[in-house]
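Those sequence lines, one after another, are chains A and B. Letter 49 of the first sequence, counting from 1, is numbered 388 in my numbering, and no numbers are missing. Letter 19 of the second sequence, counting from 1, is numbered 23 in my numbering, and no numbers are missing. No residue lacks a Cβ here, since even glycine has one placed at the ideal position from N, Cα and C. What you are looking at is a predicted structure, and each value in this text was computed from that prediction instead of being measured. Remarks on the structure that follows.
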Amino acid sequence: MPAPAAPAVAHELPHGVHPAPTSFWRKYIFSTDHKVIGKQYLFYSLFMLIIGGFLAGLVRWQLAWPGKPIGFMGKLMPEGMPGGQMLPEFYNSLFTMHATIMIFFAIMPMLIGAFGNFVVPLQIGARDMAFPRLNLASFWVAVPAAVIIIWSFFVTGGAAQSGWTSYAPLAAIQPRGQTLWLLSLLILGISSLLTAVNIITTTINMRAPGMTFFRLPLTVWALFITAILLLLALPVLSGAMIMLLFDRVLGTTFFLPAGLVVSGNALSNAGGGQALLWQHLFWFFGHPEVYIMILPAMGITSEILSVFARKPIFGYRAMAYSIMGIAGLGWIVWGHHMFQSGMNPILGTTFMISTMVIAVPSAIKVFNWLGTLWGGNITLTTPMLNAISFVSMFVIGGLSGIFMASTPVDVFIHDTYFIVGHIHYVLFGGSLFGAFAGLYFWYPKMFGRFMNETWGKIHWFLTFVCFNLVFFPMHFLGMRGMQRRIYDYSQYAHLKGLQPMNQFMTISLFVLGAAQVILVLNFFLSMRRGKVAGPNPWRANTLEWQTSSPPPHHNFDHNPTVYRGPYEYSAPERADDHWPQDEPPSGAAAPTHAHAHG
Amino acid sequence: MIAFAVALLPALAGALPFWLKLPPAESSFADEIDRIFRLILWITGVIFIVVEVLLVYFLIRYRHREGRRAHYTHGNNRLEVIWTIVPAIICVVLALLSRRVWADIKQRMPEDAMHLEVTAEQFAWNIRYPGPDGKLDTPDDILTLNQLHFPVGTKVVVSLHSKDVIHSFFLPEFRVKQDAVPGMTTKVWFDAAHVGNWEIACAELCGLGHYRMKGFLVAESPEDFKKWLAEQAAAGAPQPAAAAAAGGPAPTPAGAPANAPPPAPGVSPPADGKVSVPPADRTPAAAPGQEGKQPS
Numbered sequence: 340m341p342a343p344a345a346p347a348v349a350h351e352l353p354h355g356v357h358p359a360p361t362s363f364w365r366k367y368i369f370s371t372d373h374k375v376i377g378k379q380y381l382f383y384s385l386f387m388l389i390i391g392g393f394l395a396g397l398v399r400w401q402l403a404w405p406g407k408p409i410g411f412m413g414k415l416m417p418e419g420m421p422g423g424q425m426l427p428e429f430y431n432s433l434f435t436m437h438a439t440i441m442i443f444f445a446i447m448p449m450l451i452g453a454f455g456n457f458v459v460p461l462q463i464g465a466r467d468m469a470f471p472r473l474n475l476a477s478f479w480v481a482v483p484a485a486v487i488i489i490w491s492f493f494v495t496g497g498a499a500q501s502g503w504t505s506y507a508p509l510a511a512i513q514p515r516g517q518t519l520w521l522l523s524l525l526i527l528g529i530s531s532l533l534t535a536v537n538i539i540t541t542t543i544n545m546r547a548p549g550m551t552f553f554r555l556p557l558t559v560w561a562l563f564i565t566a567i568l569l570l571l572a573l574p575v576l577s578g579a580m581i582m583l584l585f586d587r588v589l590g591t592t593f594f595l596p597a598g599l600v601v602s603g604n605a606l607s608n609a610g611g612g613q614a615l616l617w618q619h620l621f622w623f624f625g626h627p628e629v630y631i632m633i634l635p636a637m638g639i640t641s642e643i644l645s646v647f648a649r650k651p652i653f654g655y656r657a658m659a660y661s662i663m664g665i666a667g668l669g670w671i672v673w674g675h676h677m678f679q680s681g682m683n684p685i686l687g688t689t690f691m692i693s694t695m696v697i698a699v700p701s702a703i704k705v706f707n708w709l710g711t712l713w714g715g716n717i718t719l720t721t722p723m724l725n726a727i728s729f730v731s732m733f734v735i736g737g738l739s740g741i742f743m744a745s746t747p748v749d750v751f752i753h754d755t756y757f758i759v760g761h762i763h764y765v766l767f768g769g770s771l772f773g774a775f776a777g778l779y780f781w782y783p784k785m786f787g788r789f790m791n792e793t794w795g796k797i798h799w800f801l802t803f804v805c806f807n808l809v810f811f812p813m814h815f816l817g818m819r820g821m822q823r824r825i826y827d828y829s830q831y832a833h834l835k836g837l838q839p840m841n842q843f844m845t846i847s848l849f850v851l852g853a854a855q856v857i858l859v860l861n862f863f864l865s866m867r868r869g870k871v872a873g874p875n876p877w878r879a880n881t882l883e884w885q886t887s888s889p890p891p892h893h894n895f896d897h898n899p900t901v902y903r904g905p906y907e908y909s910a911p912e913r914a915d916d917h918w919p920q921d922e923p924p925s926g927a928a929a930p931t932h933a934h935a936h937g
Numbered sequence: 005m006i007a008f009a010v011a012l013l014p015a016l017a018g019a020l021p022f023w024l025k026l027p028p029a030e031s032s033f034a035d036e037i038d039r040i041f042r043l044i045l046w047i048t049g050v051i052f053i054v055v056e057v058l059l060v061y062f063l064i065r066y067r068h069r070e071g072r073r074a075h076y077t078h079g080n081n082r083l084e085v086i087w088t089i090v091p092a093i094i095c096v097v098l099a100l101l102s103r104r105v106w107a108d109i110k111q112r113m114p115e116d117a118m119h120l121e122v123t124a125e126q127f128a129w130n131i132r133y134p135g136p137d138g139k140l141d142t143p144d145d146i147l148t149l150n151q152l153h154f155p156v157g158t159k160v161v162v163s164l165h166s167k168d169v170i171h172s173f174f175l176p177e178f179r180v181k182q183d184a185v186p187g188m189t190t191k192v193w194f195d196a197a198h199v200g201n202w203e204i205a206c207a208e209l210c211g212l213g214h215y216r217m218k219g220f221l222v223a224e225s226p227e228d229f230k231k232w233l234a235e236q237a238a239a240g241a242p243q244p245a246a247a248a249a250a251g252g253p254a255p256t257p258a259g260a261p262a263n264a265p266p267p268a269p270g271v272s273p274p275a276d277g278k279v280s281v282p283p284a285d286r287t288p289a290a291a292p293g294q295e296g297k298q299p300s
């Protein structure tokens, strides 16, 4: 691809725009077009979502029918499941890799890689990202990371098995898979940083004329703030992972205190390190990470609620400020993951207070979503159903967070299934429903055709019902004291009698998984057979809908100029209930040739 | 499918009181934790129902109809202020209530308590009782494996250590959970109002045997406890077979702590590297309040 300053321009293209590549490789594989890269990330994340879901199925199988063999797994993973029967260390690998893959390889690439790349330039009226070649690099750096993480299942000793949090010293003494886990995430971190820099620069520098910060769609606001979080948080994790890698392969002792004796053998090199240091570093990244995964979904949800309620978003500025508030407070709450870790209990009190405070901007957002629906003219399309599910499930995930924010209550529920229930209400009920909403919403823009509405609604219904049947009972298990990450809960007297509930959850998960087949088929079949969408099928205001579907290589045939905010629906002075951001005010002269963005 | 779901709802609702129960509360602070739990459950339950009911009501009340227009508004500052301040007040009140209970459980250890040491390892709990001299870390200490007995009505302060990785000392019925971290000493206390048997669970992933890292907790009358402790002392160190079965090394024999390394967690040099290394940061100076305060 030529540099953005390339002067040679085809005649019919607007000023400053270079023509689309013609070769297959540059067009579809090593493309610098943000729309193609966004789609690549979408395929990547859907593929990893399926793998992550499959691992979850195996975990739940063991919890429902402990020790019951699965024939084909005995052939696929003879080391971890000899004769199809799961070993405890393999079980540990499964939940470790399930979380790692879902968080780093499915949710993040989908929200930030796919929607961030596809939507941000279109919504701000730019022709591409600020650094198209960095964008190309970011995707192709993410690919080897995925290859390594999957490959790690097949090395001696199996994949990483110390949880996605990889607490030291356990993670320092685990088999080889842990090293691959570290390498994979270090590589993936580079990819995420490239994307973060790109989104930040693009949002600051590439906005169309008239697109002030407070005319940005909330999706852009959310992705912009998310990218800043990512840029600041990820290096902390990368630093910690390099230290852990050194502890594993170079004999350093960042996280290894003196006198460690493992299985009767003293670790000769241990000494001088601090086990809790890893947790502080990990969660200093890890808590912003939670918001990295939820903020984009919040932005998408706001967008969709406004479009299908045909109403301006309620409290636009409050929504933008609460995104910033969550992002700011997100830096001072990491200790709430460590209340029982041996961290000074007085610090625990401090972190409890900051954690309680961060509930407030989340509450503001929920009430503003309700305010947006109030008095609307609501159409329940598939994207809308998923966006509403986001709101109602995020309420559960947010409220259950208050339990563990309270330090004394956390004494009991920490490291139990209550926590597992909570994070799944935030990450599945929240992030994934937000991602589904975005997928159904922007699919017509991406591929020029609708996904099938009927099948979309069936998929939504099954997902919504089964999701709750799988994850709501987790709170009950946690209240019984069922620890997370245990291979066989029948060992404990206080967990006897929980098997029927676990079986119910597992069966619900299998239905939930089967329902995703509908999504996959709908996704692929609609590319050819879906109803043709046209440029603005939802009659939405934001700029991406003011160009053809799919948009041309250079996004806009005109240079969009923005005259108003993104959510001017049902304005009383107009007969039409939508008012595109770039439609000139009546009576005003059409804009003169505006400055083009490369 | 829908009919099935509707038929299922009453059954699920009927089961709620059963599932919302917490395990029996045994320690003297367990009820206080449960009280805050139930308070939060009520508050969040009410908010949950109000929000979800409004959500569904709005979806029905404001569903699309031809010719109708949505109400054009960009928001309401007074409402924004209300729904900022009310959640803030609720959260601050919850934090204040929690702070006091937390301080009682984790910040201040009781004065008049019996002191024990628990050293976790993959995948067993080594329990150390003071011997006849009433002091820990002396040659007459009594050691048991996975058996924690204590007299009913007495407060027990446990100093937690770990030999290898992080474990978590979890007594579900006592609402006790505290990580045992190598290179550090962490403390936790509990008591029991009546005699009984419970289990010690490991709550922090510690390796392939994590799920079976189980100990036994027994509260008995002071007389029975004394008798039991004397039996353990007579038996000497616990049977090595039991230790081997637990997948770990033989527990520290009595007498080893005499050459415990100096204080300063994390900076002391590695101990001599043989089996039975005492936790590196243990220091006799760390146990001043413990002397001469033994029960019975």
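Paired residues, beta bridge with N81(B) - DSSP | Taking the second sequence and counting its residues from 1, one reaches residue 81(B) at position 77. In the DSSP output, where bridge partners are listed per residue, N81(B) has none listed.
Beta-bridge pairing of Q822(A) - partner residues as DSSP gives them = For this step, residue 822(A) is matched to residue 483 along the first sequence. Partner(s): T755(A).
Residues bridged to N130(B) [DSSP beta-bridge criterion] = Looking up residue 130(B) in the second sequence gives position 126. According to DSSP, N130(B) bridges with T123(B) and L149(B).
Could you give the distance in angstroms between the alpha-carbon of L426(A) and the alpha-carbon of Q401(A)?
-> Along the first sequence, read from residue 1 onward, the residue named residue 426(A) stands at position 87. Along the first sequence, read from residue 1 onward, the residue named residue 401(A) stands at position 62. Near 10 Å, if we compare the C-alpha coordinates of Q401(A) and L426(A).
DSSP on P839(A), reduced to helix/strand/coil?
-> For the purposes of this step, residue 839(A) is identified with residue 500 of the first sequence, where counting begins at 1. Helix, per DSSP.
Residues of chain A with CB under 9 Å from V96(B), in chain order?
-> Taking the second sequence and counting its residues from 1, the one referred to as residue 96(B) is at position 92. Within chain A, the residues near V96(B) are I692, M695 and V696.
Quick one: what's got a C-beta closer than 7 Å to S887(A)'s C-beta in the same chain, skipping five residues either side?
-> The residue given as residue 887(A) occupies position 548 in the first sequence. Answer for S887(A): P874, listed in chain order.
Residues of the segment 817-844 of chain A with a CB closer than 7 Å to any CB of chain B: list them in chain order, please.
-> M818, R819, G820, Q822, R824, I825, Y826, D827, Q830, Y831, A832 and H833
How about N130(B) and L149(B): are their beta carbons less than 8 Å apart?
-> Looking up residue 130(B) in the second sequence gives position 126. Looking up residue 149(B) in the second sequence gives position 145. Cβ distance < 8 Å, so N130(B) and L149(B) count as in contact.
Sort out for me which residues DSSP pairs M118(B) with in a bridge.
-> Reading the second sequence from its first residue, position 114 is the one you call residue 118(B). When beta bridges are read from the DSSP output, M118(B) appears opposite V160(B).
Give, in chain order, every residue of the segment 48-73 of chain B whose Cβ lies closer than 8 Å to some Cβ of chain A.
-> T48, I51, F52, V55, E56, L58, L59, F62, L63, Y66, R67, H68, R69, R72 and R73: these are the residues of the segment 48-73 of chain B whose beta carbon lies less than 8 Å from some beta carbon of chain A, given in chain order.
Kindly list the residues whose CB is nearer than 6 Å to the CB of G18(B), restricted to its own chain and excluding five residues on each side of it in sequence; keep chain order.
-> On the second sequence, residue 18(B) is found 14 positions in, with the first residue counted as 1. Nothing listed; no residue qualifies.
With respect to the beta strand (DSSP E) encompassing V1009(A), which residues constitute its N-terminal and C-terminal limits?
-> Only positions 340 to 937 of chain A appear in this structure, which leaves residue 1009(A) out of reach.
Is the Cβ-Cβ distance between S163(B) and T142(B) less than 8 Å?
-> Numbered from 1 along the second sequence, position 159 holds the residue referred to as residue 163(B). Numbered from 1 along the second sequence, position 138 holds the residue referred to as residue 142(B). Taking 8 Å as the Cβ cut-off, S163(B) and T142(B) do not qualify as a contacting pair.
Expected contact under 8 Å - CB spacing of S166(B) and E125(B) to nearest Å | As a working note, residue 166(B) is residue 162 in the second sequence. As a working note, residue 125(B) is residue 121 in the second sequence. Right, their Cβ atoms sit about 7 Å apart.
What in chain A is Cβ-close to V180(B), meaning under 8 Å?
-> Within the second sequence, the letter at position 176 stands for residue 180(B). Going along chain A in sequence order, the residues near V180(B) (Cβ under 8 Å) are V750.
Spatially closest choice to T88(B) from A702(A), V750(A), N841(A) and P627(A), by CA coordinates = Position 84 of the second sequence, counted from the start, is the residue given in the question as residue 88(B). Of the residues A702(A), V750(A), N841(A) and P627(A), the one whose Cα lies closest to the Cα of T88(B) is A702(A).
From the beta carbon of K407(A), is the nearest beta carbon of chain B less than 8 Å away?
-> Sequence index remark: in the first sequence, residue 407(A) carries index 68 (1-based). False, the Cβ-Cβ gap to chain B never drops below 8 Å.
How far does the beta strand (DSSP E) with E203(B) in it reach, from first residue to last?
-> For the purposes of this step, residue 203(B) is taken as the residue at position 199 of the second sequence. Where E203(B) is concerned, the enclosing beta strand (DSSP E) starts and stops at G200 to C206.
According to DSSP, residues forming a beta bridge with H893(A) | In the first sequence, counting from the first residue as 1, residue 893(A) sits at position 554. Bridge partners of H893(A): none, in fact.
Sufficient close CB pairs (3 or more, under 8 Å) joining the segment 841-856 of chain A to the segment 386-396 of chain A = yes
With a cut-off of 8 Å, does the C-beta of M118(B) fall near any C-beta of chain A?
-> Against the second sequence, residue 118(B) aligns to sequence position 114. For M118(B), the answer is no, since every Cβ of chain A falls outside 8 Å of its Cβ.
Inspect the CB distances between the segment 525-533 of chain A and the segment 459-478 of chain A and report whether three or more fall short of 8 Å.
-> yes
Count the other CB atoms, across all protein chains shown, that sit within 10 Å of the CB of N328(A); report buried if there are 16 or more and exposed otherwise.
-> This structure cannot speak to residue 328(A), because chain A is shown only from 340 to 937.
Contact with chain A by V135(B), beta-carbon distance below 8 Å | Along the second sequence, read from residue 1 onward, the residue named residue 135(B) stands at position 131. It is Gly, not Val, that sits at residue 135(B) in the sequence shown. Taking Cβ atoms only, chain A never reaches closer than 8 Å to G135(B), which makes this a no.
Bounding residues of the alpha helix (DSSP H) (the contiguous stretch that carries A184(B)) = The sequence position of residue 184(B) within the second sequence is 180, counting from 1. Residue range V180 to A184 is occupied by the beta strand (DSSP E) that includes A184(B), with no alpha helix (DSSP H) assigned at that position.
If we ignore side chains and look at the alpha-carbon of each, how far apart do P265(B) and M420(A) end up?
-> In the second sequence, the residue the question calls residue 265(B) occupies position 261. In the first sequence, the residue the question calls residue 420(A) occupies position 81. With a pLDDT of only 35 at P265(B), under 50, the local geometry of the prediction cannot be trusted, and the value read off the model is given with reservation. For P265(B) and M420(A), the distance between alpha carbons rounds to 44 Å.
Over what stretch of residues does the alpha helix (DSSP H) that includes V559(A) continue unbroken?
-> On the first sequence, position 220 is the one that residue 559(A) refers to. It spans L557 to V588 - the alpha helix (DSSP H) in which V559(A) sits, taken as one unbroken run.
Start-to-end residues for the alpha helix (DSSP H) that takes in S317(A) = For residue 317(A) there is no data in the structure shown, the boundaries of chain A being 340 and 937.
Using CA coordinates, which residue listed in G736(A), R913(A) and F443(A) is at the minimum distance from M387(A)?
-> The residue given as residue 387(A) occupies position 48 in the first sequence. When only C-alpha atoms are compared, the closest one is F443(A).
Since I believe Y506(A) is in contact with I1(B) (beta carbons under 8 Å), could you give me their beta-carbon distance rounded to a whole number of angstroms?
-> Shown here, chain B extends from 5 to 300; a query on residue 1(B) therefore has no answer.
Applying the criterion that 16 or more other CB atoms from any shown protein chain within 10 Å of the CB defines a buried residue, is T881(A) buried or exposed?
-> Counting from one through the first sequence, the residue named residue 881(A) turns up at place 542. Label assigned to T881(A): buried.
Three-state secondary structure (DSSP) of E224(B) = As a working note, residue 224(B) is residue 220 in the second sequence. Three-state result, E224(B): strand.
Within the chosen definition, does the segment 201-214 of chain B reach the segment 858-866 of chain A through at least 3 CB pairs nearer than 8 Å?
-> Result no; under three Cβ-Cβ pairs closer than 8 Å.
Could you name the residues of chain A that H78(B) contacts, counting a contact when the two beta carbons are closer than 7 Å?
-> Within the second sequence, the letter at position 74 stands for residue 78(B). Under the 7 Å cutoff, chain A gives P651 and Y655.
Which whole runs of the beta strand (DSSP E) in the segment 33-74 of chain B are 3 residues long or more, in chain order?
-> none
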